[in-house]
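Trainee: Using my numbering, read the sequence shown as starting at 826 and increasing by one per residue.
Even for Gly, the Cβ is constructed at its ideal location relative to N, Cα and C.
First the structure, then my questions, so here it is.
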Amino acid sequence: MNKKTILLLINGFGVEKKESFPIYDDDLMPTFAALSKEYLFSNNSVISKVGNYYDAYRNISLDVNELYNYSIVDKEIESKKILTNETLLKVKSDFDSKEGNLHLFCLVDTSLKIVNHLKEMLKLINPDMKKKVFLHLVISSNSIFDYKYLTEVLSHINMDLASYGEIGFVMGLNSISNDAKQVDLNFFLKMFISKVGEKWQSFTQKFDVLYAMKTPPRETKPFIVNSNFSLDQNDTFFFINYDNIDLTNFINTLAGISYGENKNNFSYYSLFSIKSALNIPYIYESGSATTSLVKNLEDLNATGLIICKKDQVGIINYFCNGLKNETTNTLTFVDIKTIEGNPNAIIQVINQIPKDLTIINYELDDCKTTNELKNKLKEIDNTIKVLEENRNGSKYTLIISSLYGMNKTMINDRDVSCSVIFSNELPFLYVDDFLTKKNYLIQSGNINDIIKSCYKSINIKGNYNSLVEKKNGLYKLFFK
């Protein structure tokens, strides 16, 4: 029989850095503090490599640190099937037959795999390197700590692909996704046409500025690295995307560009399917992960409930279903906004919708002031108190952790700007009366190990490694 487990995530909550404006103390969260002294607890056993819930759910569900679809292109290149891909050959044929340029809007994160992927595709599309290709790099990362790795990725693209094409624009994903405002899309396309705008020959220096300003990479405004590109009437656009992104507004705006009385003759292609009003041909079908939260629950003959914001449901469900935005009876969602601030209502939902695993998804990085942040932590602590009271000794296991630490500029109680810095060293609290400090300990791991610990809690016979480990004889000998 499965044991019910509740995972309460305080996303953004990590080890507070010395240089941070002081936020946490035991008086702010007395229930959390008391439970951490009584039960299994480590302040920094979990290390996260992500900076937002989007990447975090991809990691905990799929057990991958990079976009899952990288592996599909890896296999196609290794098997040389990429050379015979019909849609990619259509990109080549279209580009050969037109007088225009090729613009690659390429999603980049911290993986260097993108360099080889671009090289292999460009060797096929433009083998003689006689036609103009421009690389417009779209950053999907959201953690400011990624700038160091992004510098390495962009440097390799700049050097290794120089003979194939030049870097034109660098921008954050929010500049062209449907998160962008129409006025910003219009401004970007004016920059595209006129080449008048912010220019940085050294993206290293630009990233240093963005890091100092605590600007998440995904929110980077478009800047020009090389201004040799042009937007001609017969250009071809190729979106090298590895994820399910919505470019409806951007492509609609792009398609509306005219040349005097003549409409443009743009062509569009993408690596994987993208959301758009146009029926854009894509090269590969997105892969389904061999593992995911839903699949793992099904293997345990278990069900799940995720209490989160309504606008997060689509993304979380996408990853939890193995990169498929399908509905399933295994996983249920409840909008946290309908019960947030009311711990008793959260308990009521948990009791009325009994599931083997319940995830309560809180976020701290939407707070704008330190007072707001402290009040939210107090509210979360009240929820922890009610959850512990409702646990009634052994009703369920309560696990409290986070998926990433945040680094954000906020306004403090003196109306002065300050930095709130929680590192990506994360707390892990395991509240269970049968796994005590006397016989168990918390070992080190990553955020995927958090969800594996939940699976192990649900069914101890499940084939999952937990962060909770039984002490061996030597440990007891030396650490009594």
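Kindly indicate which residue of V1256, N1237 and Y1229 has the alpha-carbon position closest to the one of N1217.
Mentor: For the purposes of this step, residue 1217 is taken as residue 392 along the sequence shown, with counting starting at 1. For N1217, the nearest C-alpha among the options comes from V1256.
Trainee: With burial defined as no fewer than 16 other Cβ atoms inside 10 Å of the residue's Cβ, what is the status of R883: buried or exposed?
Mentor: By one-based count along the sequence shown, residue 883 stands at place 58. Buried, since its Cβ has 16 or more Cβ neighbours within 10 Å.
Trainee: Skipping 5 residues on each side, what residues in its chain have a beta carbon closer than 6 Å to that of N827?
Mentor: By one-based count along the sequence shown, residue 827 stands at place 2. So the list reads A1127, D1181, I1283 and N1284, once near-sequence residues are dropped.
Trainee: For V1119, which of helix, strand or coil comes out of DSSP?
Mentor: As a first step, residue 1119 is located in the sequence shown; it is residue number 294 there, counting from the start. In this structure, V1119 counts as helix in the three-state DSSP scheme.
Trainee: So N1121 and Y1280 are in contact, right, with Cβ under 8 Å, and what is the actual spacing, rounded?
Mentor: Indexing the sequence shown from 1 puts residue 1121 at position 296. Indexing the sequence shown from 1 puts residue 1280 at position 455. The pair is a contact, with the Cβ atoms about 6 Å apart (cut-off 8 Å).
Trainee: Using the Cα positions of G997 and D1068, report the straight-line distance between them to the nearest angstrom.
Mentor: For the purposes of this step, residue 997 is taken as the residue at position 172 of the sequence shown. For the purposes of this step, residue 1068 is taken as the residue at position 243 of the sequence shown. Rounded to whole angstroms, G997 to D1068 spans 15 Å at the Cα level.
Trainee: Let me know if V958 comes out buried or exposed under the rule of 16 or more other beta-carbons within 10 Å of its beta-carbon.
Mentor: Looking up residue 958 in the sequence shown gives position 133. With 16 or more other Cβ atoms within 10 Å, it is buried.
Trainee: Considering Cα atoms alone, identify which of K1039, K948 and E1214 is closest to T909.
Mentor: Residue numbering aside, residue 909 sits at position 84 when the sequence shown is read from its first letter. If we check each option's Cα against that of T909, K948 comes out closest.
Trainee: Between S1227 and G925, is the Cβ-Cβ spacing less than 8 Å?
Mentor: Taking the sequence shown and counting its residues from 1, one reaches residue 1227 at position 402. Taking the sequence shown and counting its residues from 1, one reaches residue 925 at position 100. No. Outside cutoff.
Trainee: Just the Cα atoms here: how many angstroms apart are K938 and V1034?
Mentor: On the sequence shown, residue 938 is found 113 positions in, with the first residue counted as 1. On the sequence shown, residue 1034 is found 209 positions in, with the first residue counted as 1. Distance between the alpha carbons of K938 and V1034: 26 Å.
Trainee: So, is V1241 buried or exposed, given that buried needs 16 or more other C-beta atoms within 10 angstroms?
Mentor: In the sequence shown, counting from the first residue as 1, residue 1241 sits at position 416. It counts as exposed.
Trainee: Let me know if A1005 comes out buried or exposed under the rule of 16 or more other beta-carbons within 10 Å of its beta-carbon.
Mentor: In the sequence shown, the residue the question calls residue 1005 occupies position 180. Buried, since its Cβ has 16 or more Cβ neighbours within 10 Å.
Trainee: DSSP puts D1160 in a beta bridge; with which residues?
Mentor: As a first step, residue 1160 is located in the sequence shown; it is residue number 335 there, counting from the start. Paired residues: C1133.
Trainee: So, at 8 Å on beta carbons, what are the nonlocal neighbours of Y1084 in its own chain, with the 5 sequence-adjacent residues on each side left out?
Mentor: One-based indexing of the sequence shown puts residue 1084 at position 259. Closer than 8 Å at the Cβ level, and outside the excluded window around Y1084, lie Q1058.
Trainee: Please state the DSSP three-state secondary structure of I992.
Mentor: As a working mapping, residue 992 is identified with position 167 in the sequence shown. In the structure shown, I992 sits in a strand (DSSP, three-state: E or B).
Trainee: Let me check understanding here. Comparing Cα to Cα, which of D1060, C931 and A1170 lies closest to K956?
Mentor: Taking the first residue of the sequence shown as position 1, residue 956 is located at position 131. The candidate whose alpha carbon is nearest that of K956 is D1060.
Trainee: For T1183, which residues does DSSP report across the bridge?
Mentor: Reading the sequence shown from its first residue, position 358 is the one you call residue 1183. Partner(s): I831 and L1130.
Trainee: Where does F846 fall in DSSP's three states?
Mentor: As a working note, residue 846 is residue 21 in the sequence shown. Note: F846 maps to coil in three-state DSSP.
Trainee: Between Y1187, F920, I982 and Y849, which has its C-alpha nearest D953's C-alpha?
Mentor: Looking up residue 953 in the sequence shown gives position 128. Looking at the Cα atoms, F920 is the closest of the given residues.
Trainee: Under 8 Å, do L929 and I1105 count as touching if we go by C-beta distance?
Mentor: Here residue 929 refers to the residue found at position 104 of the sequence shown. Here residue 1105 refers to the residue found at position 280 of the sequence shown. Not closer than 8 Å, so no.
Trainee: When the Cα atoms are used, what is the spatial distance from L832 to D850?
Mentor: One-based indexing of the sequence shown puts residue 832 at position 7. One-based indexing of the sequence shown puts residue 850 at position 25. Near 22 Å, if we compare the C-alpha coordinates of D850 and L832.
Trainee: For T1194, which residues in the same chain have their Cβ closer than 6 Å to its Cβ, ignoring the five residues on either side in sequence?
Mentor: What you label residue 1194 is simply residue 369 of the sequence shown in a count that begins at 1. So the qualifying residues of the chain are M1235 and I1236.
Trainee: For I848, collect the residues of the same chain with a Cβ closer than 7 Å to its Cβ; drop the 5 residues on either side in sequence, then sort them by chain order.
Mentor: Taking the sequence shown and counting its residues from 1, one reaches residue 848 at position 23. So the list reads E841, T1195, L1198, K1199 and V1245, once near-sequence residues are dropped.
Trainee: Would you identify the three-state DSSP class for V963, choosing helix, strand or coil?
Mentor: Position 138 of the sequence shown holds residue 963. In the structure shown, V963 sits in a strand (DSSP, three-state: E or B).
Trainee: Name, in chain order, the residues that DSSP records as bridge partners for Y1093.
Mentor: Taking the first residue of the sequence shown as position 1, residue 1093 is located at position 268. In the DSSP output, where bridge partners are listed per residue, Y1093 has F1062.
Trainee: Tell me whether D1258 sits in a helix, a strand or coil according to DSSP, three-state version.
Mentor: Numbered from its first residue, the sequence shown carries residue 1258 at position 433. Looking at D1258 - three-state DSSP - the assignment turns out to be coil, as it is neither helix nor strand.
Trainee: For D899, which option in E863, Y879, V940 and L860 has the closest C-alpha, if you only look at C-alpha atoms?
Mentor: Taking the sequence shown and counting its residues from 1, one reaches residue 899 at position 74. The candidate whose alpha carbon is nearest that of D899 is V940.
Trainee: Threshold first: 4 residues or longer. Then list the alpha helix (DSSP H) segments lying entirely within the segment 881 to 959, N to C.
Mentor: Listed in chain order, the complete alpha helix (DSSP H) runs (minimum 4 residues) inside the segment 881 to 959 are 895 to 904, 911 to 922 and 938 to 950.
Trainee: Looking only at its chain, what residues have a beta carbon closer than 8 Å to the beta carbon of P855, apart from the 5 residues adjacent to it on each side?
Mentor: Position 30 of the sequence shown, counted from the first residue, corresponds to residue 855. Closer than 8 Å at the Cβ level, and outside the excluded window around P855, lie D1206.
Trainee: Leaving out five residues on either side along the sequence, give the residues of the same chain with a beta carbon under 6 Å from the beta carbon of I902.
Mentor: Locating residue 902 in the sequence shown gives position 77, where the first residue counts as 1. Excluding positions up to five away in sequence, the list reads E945.
Trainee: Of the residues G876, E1086 and I1178, which one's Cα is nearest the Cα of T935?
Mentor: Stepping through the sequence shown from its first residue, residue 935 is reached at position 110. Per the Cα distances, G876.
Trainee: With a threshold of 16 other CB atoms inside 10 Å of the CB of S918, please say whether the residue is buried or exposed.
Mentor: As a position in the sequence shown, residue 918 is number 93, starting the count at 1. It is exposed - the Cβ of S918 has fewer than 16 other Cβ atoms within 10 Å.
Trainee: Note down, one range per segment and in chain order, each beta strand (DSSP E) of at least 3 residues found wholly within the segment 1229 to 1277.
Mentor: 1232 to 1236, 1242 to 1246, 1250 to 1256 and 1265 to 1267, all fully within the segment 1229 to 1277.
Trainee: Decide yes or no for the touch test of the segment 856 to 868 against the segment 1253 to 1271: beta carbon pairs closer than 8 Å, at least 3 of them.
Mentor: Yes, the segment 856 to 868 is in contact with the segment 1253 to 1271.
Trainee: Cα separation between V1211 and F1158?
Mentor: Along the sequence shown, read from residue 1 onward, the residue named residue 1211 stands at position 386. Along the sequence shown, read from residue 1 onward, the residue named residue 1158 stands at position 333. The alpha-carbon atoms of V1211 and F1158 are separated by roughly 21 Å.
Trainee: Taking a contact to mean a Cβ-Cβ separation below 8 Å, would you say L1118 touches S886 in this structure?
Mentor: Here residue 1118 refers to the residue found at position 293 when the sequence shown is read from its first residue. Here residue 886 refers to the residue found at position 61 when the sequence shown is read from its first residue. Cβ distance < 8 Å, so L1118 and S886 count as in contact.
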